[in-house]
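Numbering (the numbering used here), first residue to last: 247 to 1308.
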């Protein structure tokens, strides 16, 4: 196994490390028992079905030949994974994979061959701009007669640009990376054959992977190393030269619990120009004969079985069925019905937000009025957020708070379907912190967790409350490692439009302040009588996960522990559905369990201010928005929760594999990729002492950590490092490259004994996993710590045996193993991926038969240009699956489909440093495909913009009678994750004006301080608020939204006297 970088999908390739020959044989028939569907024709190059290949079997995936029969599963199958693996990390992952009842619904499809193929013959059938299937070379077909889509041909991406793999930060993968600078983490781009003899000679294997690497470029291309665009344009994402493997991607997700056939036709040729074929006498493995009997009925017109080279089947796993069972369980139905009475729909407590000694006459200390927060906000945002109190951004924040009636912080109980600790109270391995299988069949044990919410209610003067009706409420979902506090910043902008806002902390999320920061916050707010608000705000779900005494917000959310990642996302979904259930229970008849007015009279649930009317919830619309992780959760809930009827996800995305392959998101990058690649052992020759200084590079929860290990002498450039795991026998290696840097990855469990050995010269046996030639000379050995240090509250002393400080998979980048991780990884996380739930917003409602509900949500999906935290391409993926971006219909404005426009304008690629477009100075920038500003913005009228602008969905009604759209706004010329808050772009414009002012003098000679411009924060937040408050009916691109002066916008209500508030 070798180089690599991917996401949290890191663990999955191990499934194949023993993917049992038994699986291939136990379910199948011998040739003497079955003739198969059709006989195959002789071929020089065939699909590879090598169960004995080392280190991993090579077969097409996904594939039902790699499952076993299990009558207890919903599909009748389970994936069969070997338990033989070097680390406990891998073994546990394989154990969990064994529980899955099928393959992924959005999993890439990989087909290895016994020899090179003719790439041009593949591309000849898969370059149709509208994905016509008449001349396709490979087909993906629904062959399940029980399916309503029996016979459907699924359109495939074969390097068409829907799933770009190019990196923005190509040297982002830690110290001494021998492949830093390659355009992707998946395939190699280095030609190691320096003398052109086709043999791996000493000194050529610069990444020590045992393979003579060649660039994964299109046939006949040899771009200059200095021509970055040409390198990217010629880099193949659909074919891996090293293993002769085709990689296919469905354009939209498949159906759960459904059997599909992948059909390779004889249109595909090998490099000799001959059709490829089957490794068997039949066109398939005989275990799949019965499943493939439908093939003659579903082949496209003009094709017969004689045209088929090879076919294989796979059955998809349970996805929506498990979610449906859990969600219906909240309402007392189905196998999870115990959740309803164990976790009733009610608020447990409302927390005081004002101090009784400062507000002695108030009977509702749990209310923090807008005026209270306006008083407290200034010192908080200037101290903790660094906001200038004289800025336009602060002015707009302060104005927005005048629309807020009050804030409330409360709690509710939510069922948690994964355990945190074992029976002795010990923290479990993260992969054991996962939901159980078969949720639609077997009741799941649930533990309790208190969820904190913050609710902001708009003033009556600007909302439905003036008529005694509850205000519609927007669920505001926070970002990765974030918390519910941003509601205090955003609530006013939504309240202006009459929209209430509610936010919760996701699992393990909260505010991770140091003791000093917490004391400062209490000092600042306590002086005003809001000390209780600090205590309530800091009450959350985060906890210290590494023993440093500080809460680690969301540190375990995205991680290489894939099953935990899958289920912490699903848990967040369940927490939201419990919140929705509580909001809906405030029907005007239900009473609180506590006396809010302290007058002995029961109060109406949902009536916080005691006026006798429900303030939010009840039958009022429930909508949702959020950014980054919040955007992902909004996408998910729009397709999973039937009571949510409009969503506006910001900077979310679908296709976790693709996000992980390219993300630059701090925390996620380390928790996924570094955990996969590490532990790393890196060294640098000290030019003064001549000693090799060694350290380990590891992931501390979701942060980068380095620790010194010691030094050795005598090492030279050109020598070989072999890192040995003495506990499990694994090895990693690297060459000492000029000017004296080296790196090795080593698969390890925490605490494993490690030895680092330096050999003189290049001594690795070509084609092996770090095997050293006999008789090689050892220059130096480091097998004990050479210095004292601490890590996660544990002390390590010089002289103690060298040990691995963290779990890790030890996979270097740019090798087939990394690609296998990505192609298989989606399998685990599919049940929590927004792309899987995307069709259930508008195209195909998700039915809940017991509660007689179905999903249906208007959607305004917002993906900023150049986002590489949650790459813009993943926003396109979600929008395409939701039906917001068509790939089969021509947009007459452009003569091509909207999906193709997003590819051709490099919106999906989203990498500014490729300079696909440039500004007046020649700097690489992104094309403004929406032109919401009309050219009157900080970048000026000469900036490159699409004409006419895209604005998909603005001109038509969606299937539910409202508006739905996917937009790709320009938030920053070089790319942005989300967009700036209201007023921030105006501040930037004024600062730019001042810098460029040609008039000398002090003060403001150019009048910059009062200049105005298009402000994206105003524009988009007003657009989102109007879309949500009208339940997806109103969607406008009017520039009045940037100026805050649209007709119907109400002025702030008069401020109230603090002393007069109850």
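By construction, the Cβ of each residue, glycine as well, lies at the ideal position given by its N, Cα and C atoms. Bear in mind that the values here come from a model prediction, so they are computed numbers and not experimental data.
Take the alpha-carbon of residue 951 and the one of residue 920: they are about 10 Å apart. The Cβ neighbour count for residue 1062, taken over all protein chains shown within 10 Å, is at least 16; the residue is labelled buried. Within the same chain, and ignoring the five residues on either side of residue 1009 in sequence, the residues whose Cβ sits closer than 7 Å to its Cβ are 966, 1018, 1019 and 1022. When C-beta atoms of the stretch 469 to 481 are compared with those of the stretch 336 to 354, fewer than three pairs fall below 8 Å, so the two segments do not count as touching.
In the DSSP annotation of this structure, residue 553 is not part of any beta strand (DSSP E), being labelled neither H nor E. Note that the C-beta distance between residue 342 and residue 677 is below 8 Å. DSSP places residue 648 outside both helix and strand once states are collapsed to three, so it counts as coil. In this chain, the beta strand (DSSP E) harbouring residue 929 covers 926 to 931. Here residue 1113 is buried, its C-beta having at least 16 other C-beta atoms within 10 Å. For the pair residue 1130 and residue 745, the Cα-to-Cα distance works out to about 25 Å. DSSP links residue 750 through a beta bridge to 699. Selection 289, 621 and 358 evaluated against residue 1304 yields 621 as nearest (Cα-Cα). Residue 1031 and residue 387 have their C-alpha atoms roughly 57 Å apart. Rounded to whole angstroms, the Cβ separation of residue 498 and residue 1205 is 16 Å, and the two are not in contact under 8 Å. Here residue 810 has 676, 677, 679, 680 and 802 as same chain residues with Cβ atoms under 7 Å from its own Cβ, once five neighbours each way along the sequence are excluded. Here the alpha carbon of residue 832 sits roughly 6 Å from the alpha carbon of residue 863. Annotation: the continuous alpha helix (DSSP H) that includes residue 1149 extends over 1144 to 1150. Judged by DSSP secondary structure, residue 1270 falls within the alpha helix (DSSP H) whose first and last residues are 1262 to 1275. If the five residues before and after residue 882 are omitted, its C-beta is found closer than 7 Å to the C-beta atoms of 819, 1080 and 1083, all from its own chain and listed in chain order. Setting aside the 5 residues that flank it on each side, residue 706 is surrounded in the same chain by 712, each with a C-beta closer than 6 Å to its C-beta; the list follows chain order.
Listed in chain order, the non-local C-beta contacts of residue 539 below 8 Å within the same chain comprise 283, local neighbours out to five positions each way being set aside. Here the alpha carbon of residue 1012 sits roughly 15 Å from the alpha carbon of residue 977. In the displayed model, residue 859 falls within coil according to three-state DSSP, outside both helix and strand. Contact annotation: residue 990 and residue 927 have beta-carbon atoms nearer than 8 Å. DSSP places residue 1242 in the uninterrupted alpha helix (DSSP H) bounded by 1230 to 1242.
For residue 1174, DSSP records a beta bridge to 1191.
Contact check between the stretch 859 to 878 and the stretch 891 to 903: three or more CB pairs, one atom from each, fall below 8 Å, which counts as touching. Apart from the 5 residues on each side of it in sequence, residue 878 sits with its Cβ closer than 6 Å to the Cβ of 898 and 1080 in its chain, given in chain order. Of the candidates 338, 725 and 418, 725 places its Cα closest to the Cα of residue 876. The stretch 527 to 534 makes no contact with the stretch 411 to 419, as fewer than three CB pairs between them are under 8 Å. Cβ-Cβ separation between residue 917 and residue 806: approximately 7 Å, consistent with a contact (criterion under 8 Å).
Residue 956: member of the beta strand (DSSP E) spanning 949 to 958, first to last residue. No Cβ-Cβ contact shorter than 8 Å links residue 828 with residue 698. DSSP places residue 498 in the coil class of the three-state scheme, outside both helix and strand. In chain order, 1163 and 1173 place their CB closer than 6 Å to the CB of residue 1190, counting only its own chain and leaving out the 5 sequence neighbours on each side. For residue 1068, the enclosing alpha helix (DSSP H) covers residues 1062 to 1075.
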